[in-house]
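Taken in order, these protein sequences are the chains called R and Y.
Using our numbering, the letters of the first sequence map in sequence onto residues 1 to 190.
Using our numbering, the letters of the second sequence map in sequence onto residues 191 to 380.
2 protein chains.
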Amino acid sequence: MALRHAVLAALLDGEMSGYQLSKTFDVSVSNYWHALPQQLYAELAKLEKEGLITGRVVIQQGRPNKRLFTLAAAGTEELARFIAQPSRPSFIRDDLLVKVRACEADGTFALIGQLEERAGQARAKIALFDKLLRQLRGTDDEDDFLARAPRVGPYLTGLRGKAFEEETLRWCEQSARVLRLRAENSRPRG
Amino acid sequence: MALRHAVLAALLDGEMSGYQLSKTFDVSVSNYWHALPQQLYAELAKLEKEGLITGRVVIQQGRPNKRLFTLAAAGTEELARFIAQPSRPSFIRDDLLVKVRACEADGTFALIGQLEERAGQARAKIALFDKLLRQLRGTDDEDDFLARAPRVGPYLTGLRGKAFEEETLRWCEQSARVLRLRAENSRPRG
DNA sequence: CTCTCCATGTAAATGGTTACATGATTCA
DNA sequence: TGAATCATGTAACCATTTACATGGAGAG
């Protein structure tokens, strides 16, 4: 179990609702930790009960009320303990790569479509990361920001996310090209 | 559930025991699908019962007997169906990135060590992927191999794995450098 | 008038991890 | 003499996904 630590880490950026948290997980955190909204709501409830975070209700007009959560002292300490512990190996799971590995001559057609779709998603994520990084660094150049900003964690993970998506894009394009070429070459010639 | 498809895909390379499969998952498959040996043994048993693979016992001297599994026709068809379906988004989970995101001034020390450790693991994996790719392509150059080899799936996923580890290595080195620099700058000066 | 965003959850089913169990052989 | 490799599993526990449930506001 370590979804809790991903949640605590996200709350370092300030007070957040479950809904906001799920958006954050979608865009920036998802590149190193994936979780569904239901999990986040459940985890927030547990963390509050254990006293690692504290929640307060905000009443809104014209939209549902929400609960905002903040890190408590016990939560900060728990994060420090977590950081000091050895890390477990990273965990990846990707259908599309299983498919590419399995792909034989037939079935190539559907796969090329999926590679192009994934490439499109990667382009969109690269744009999002670019925006995020620009926002974080403001007017500083990158080296200055990394040397002097109060917190660099989110920037460093953003760099990793962006690089990951760029690599994904490059690979999807290459793989689609290879599969297309092979499909053409294996067609009977007129 | 789709561990089954990763298993079926791996069996395209030929007959394998649960033990061999767990080694394969460790080295090449792990870059897009992670699974423990116990899961693999359980999944093989299920796949055999459902008729997607067939097993045979090989009696050995000086070491335990083993069971070798082969894809059955129904297994190949199941793989084809799987490839035609839309892919789910990829799933990543990495403690180390959660820690980097969470990292504040203190606790930096332990983290730098973990980044260096991960960098070392990445270097080892890059070497493994290089070896794997060289073995697969034999004396061909890469473009020829990708254009003409009977199966390119394992080569393409190997390229992705290698690129991923290279990016990981680069990022770990950069992050460790940044954190080290900041630790020095924030130390009281003599 | 339909779709998306906001906002929060519960319950059942599936899937994954941890701990345990065994035991001979080979390499350092 | 201790560790790693070969080789296969079971059982209990934990985590995650899928399906369900609700409902007003604002945009196109």
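For every residue, glycine included, the Cβ atom is placed at its ideal position computed from N, Cα and C.
Predicted model only: the values in this text are computed from it and were never measured.
In chain order, what residues of the same chain have a beta carbon less than 7 Å from the beta carbon of residue 74(R), not counting five sequence neighbours either side? In the first sequence, the residue the question calls residue 74(R) occupies position 74. Result list for residue 74(R): 51 and 52, in chain order.
Distance cutoff 7 Å, beta carbons only. Does residue 70(R) sit that close to anything in chain Y? In the first sequence, residue 70(R) corresponds to position 70, counting from 1. Chain Y, which has no Cβ nearer than 7 Å to the Cβ of residue 70(R), makes this no.
Quick check on residue 24(R) - is its C-beta less than 7 Å from some C-beta in chain Y? Your numbering for residue 24(R) matches position 24 in the first sequence. Judged by the 7 Å Cβ criterion, residue 24(R) is not in contact with chain Y.
Taking all protein chains shown into account, decide if residue 154(R) is buried (16 or more other Cβ within 10 angstroms of its Cβ) or exposed. Against the first sequence, residue 154(R) aligns to sequence position 154. The residue is buried, with at least 16 neighbouring Cβ atoms inside 10 Å.
Cβ of residue 133(R) within 7 Å of any chain Y Cβ: As a working mapping, residue 133(R) is identified with position 133 in the first sequence. No, residue 133(R) does not count as interfacial toward chain Y.
Helix, strand or coil: how does DSSP classify residue 54(R) here? On the first sequence, residue 54(R) is found 54 positions in, with the first residue counted as 1. The answer is strand: DSSP assigns residue 54(R) an E or B state.
For residue 319(Y) and residue 355(Y), which I take to be in contact (beta-carbon distance under 8 Å), what is that distance rounded to the nearest angstrom? As a first step, residue 319(Y) is located in the second sequence; it is residue number 129 there, counting from the start. As a first step, residue 355(Y) is located in the second sequence; it is residue number 165 there, counting from the start. Between residue 355(Y) and residue 319(Y) the Cβ distance is about 7 Å, and since that is below 8 Å, they are a contact.
What are the complete alpha helix (DSSP H) segments, minimum 4 residues, inside the segment 263–309 of chain Y? 263–274 and 285–292
Who are the near neighbours of residue 22(R) in its chain, counting only those whose CB is closer than 7 Å to its CB and skipping five residues on each side? Counting from one through the first sequence, the residue named residue 22(R) turns up at place 22. Result list for residue 22(R): 37 and 40, in chain order.
Counting along the chain, where does the alpha helix (DSSP H) carrying residue 202(Y) start and finish? To locate residue 202(Y), count along the second sequence from 1; it is residue 12. Residue 202(Y) -> no alpha helix (DSSP H), and no H or E assigned at all.
Please confirm whether residue 184(R) has its beta-carbon closer than 7 Å to some beta-carbon of chain Y. Counting from 1 along the first sequence, the entry for residue 184(R) is found at position 184. No, residue 184(R) lies away from the interface with chain Y (no Cβ there is under 7 Å from its Cβ).
Name the two residues that bound the continuous beta strand (DSSP E) containing residue 170(R). If you number the first sequence from 1, residue 170(R) lands on position 170. No beta strand (DSSP E) contains residue 170(R), which is instead part of the alpha helix (DSSP H) from 153–186.
Under the three-state DSSP convention, the category residue 257(Y) falls into: Here residue 257(Y) corresponds to residue number 67 of the second sequence, with the count starting at 1. It is a strand residue.
Please list the terminal residues of the continuous alpha helix (DSSP H) segment that includes residue 27(R). The sequence position of residue 27(R) within the first sequence is 27, counting from 1. From DSSP, the alpha helix (DSSP H) with residue 27(R) extends over 18–27.
Using CA atoms only, rank isn't needed, just tell me which of 281(Y), 271(Y) and 311(Y) is closest to residue 106(R). Taking the first residue of the first sequence as position 1, residue 106(R) is located at position 106. Ranking 281(Y), 271(Y) and 311(Y) by Cα distance to residue 106(R) puts 271(Y) first.
Cβ pair count under 8 Å reaching 3, the segment 167–182 of chain R against the segment 304–321 of chain Y: no
Does any CB atom of chain Y fall closer than 7 Å to the CB of residue 54(R)? Taking the first sequence and counting its residues from 1, the one referred to as residue 54(R) is at position 54. No, residue 54(R) does not count as interfacial toward chain Y.
Beta-carbon gap between residue 234(Y) and residue 259(Y) smaller than 7 Å: By 1-based counting over the second sequence, the position of residue 234(Y) is 44. By 1-based counting over the second sequence, the position of residue 259(Y) is 69. A contact, by the Cβ cut-off of 7 Å.
Which residue wins for smallest C-alpha separation from residue 324(Y), given the options 349(Y), 314(Y) and 313(Y)? Counted from its first residue, the second sequence places residue 324(Y) at position 134. Taking only the C-alpha atoms, the option nearest residue 324(Y) is 349(Y).
Do residue 312(Y) and residue 359(Y) have their C-beta atoms closer together than 7 Å? Translated into the one-based positions of the second sequence, residue 312(Y) becomes position 122. Translated into the one-based positions of the second sequence, residue 359(Y) becomes position 169. Between residue 312(Y) and residue 359(Y), the C-beta gap is smaller than 7 Å, which places the two residues in contact.
Which residue comes first and which comes last in the alpha helix (DSSP H) that contains residue 333(Y)? Locating residue 333(Y) in the second sequence gives position 143, where the first residue counts as 1. Counting along the chain, the alpha helix (DSSP H) containing residue 333(Y) begins and ends at 332–338.
Top-ranked residue by Cα proximity to residue 288(Y), from 138(R), 46(R), 152(R) and 124(R): Position 98 of the second sequence, counted from the start, is the residue given in the question as residue 288(Y). With distances taken between Cα atoms, residue 288(Y) lies closest to 152(R).
Would you mind sorting residue 267(Y) into buried or exposed? The rule is 16 or more other CB atoms within 10 Å of its CB. As a working mapping, residue 267(Y) is identified with position 77 in the second sequence. Exposed, since its Cβ has fewer than 16 Cβ neighbours within 10 Å.
On a Cα-Cα basis, can you pick out the residue from 175(R), 13(R), 46(R) and 11(R) that is closest to residue 108(R)? Stepping through the first sequence from its first residue, residue 108(R) is reached at position 108. When C-alpha distances from residue 108(R) are compared across 175(R), 13(R), 46(R) and 11(R), the shortest belongs to 175(R).
Ignore the nearest five residues each way along the sequence and tell me which others in residue 61(R)'s own chain have a CB closer than 7 Å to its CB. The residue given as residue 61(R) occupies position 61 in the first sequence. Taken in chain order, the list of residues that qualify is empty.
Closer than 7 Å at the beta carbon, the chain Y residues around residue 57(R): By 1-based counting over the first sequence, the position of residue 57(R) is 57. None at all; the shortest Cβ gap to chain Y is about 26 Å.
Out of curiosity, what's the CA-to-CA distance linking residue 202(Y) and residue 101(R)? Residue mapping note: residue 202(Y) aligns to position 12 of the second sequence, counting from 1. Residue mapping note: residue 101(R) aligns to position 101 of the first sequence, counting from 1. Spanning the two alpha carbons is a distance of roughly 9 Å.
C-alpha gap between residue 30(R) and residue 282(Y), whole angstroms: Looking up residue 30(R) in the first sequence gives position 30. Looking up residue 282(Y) in the second sequence gives position 92. Between residue 30(R) and residue 282(Y), the C-alpha separation is close to 7 Å.
Helix, strand or coil for residue 326(Y), going by three-state DSSP, please let me know. Here residue 326(Y) corresponds to residue number 136 of the second sequence, with the count starting at 1. Residue 326(Y): helix per DSSP, three-state reduction.
Nearest-angstrom Cβ-Cβ length linking residue 83(R) and residue 300(Y), presumed shorter than 8 Å: For this step, residue 83(R) is matched to residue 83 along the first sequence. For this step, residue 300(Y) is matched to residue 110 along the second sequence. So it is a contact: roughly 6 Å between Cβ atoms.
Taking C-beta pairs closer than 7 Å, name the residues in chain Y that residue 101(R) reaches, listed in chain order. Counted from its first residue, the first sequence places residue 101(R) at position 101. One finds 199, 343, 344 and 347 in chain Y with Cβ atoms closer than 7 Å to the Cβ of residue 101(R), taken in chain order.
Chain Y residues whose Cβ lies nearer than 7 Å to that of residue 31(R): In the first sequence, residue 31(R) corresponds to position 31, counting from 1. Chain Y residues near residue 31(R): 282.
Determine the direct distance from the alpha carbon of residue 275(Y) to that of residue 316(Y), and round the result to whole angstroms. Mapped onto the second sequence, residue 316(Y) falls at position 126. Mapped onto the second sequence, residue 275(Y) falls at position 85. If you take the alpha carbons of residue 316(Y) and residue 275(Y), they lie about 31 Å apart.
What does residue 164(R) touch in chain Y if you count any residue whose Cβ is under 7 Å from its own? As a first step, residue 164(R) is located in the first sequence; it is residue number 164 there, counting from the start. Ordered by position in chain Y, the residues that pass the 7 Å Cβ test against residue 164(R) are 357.
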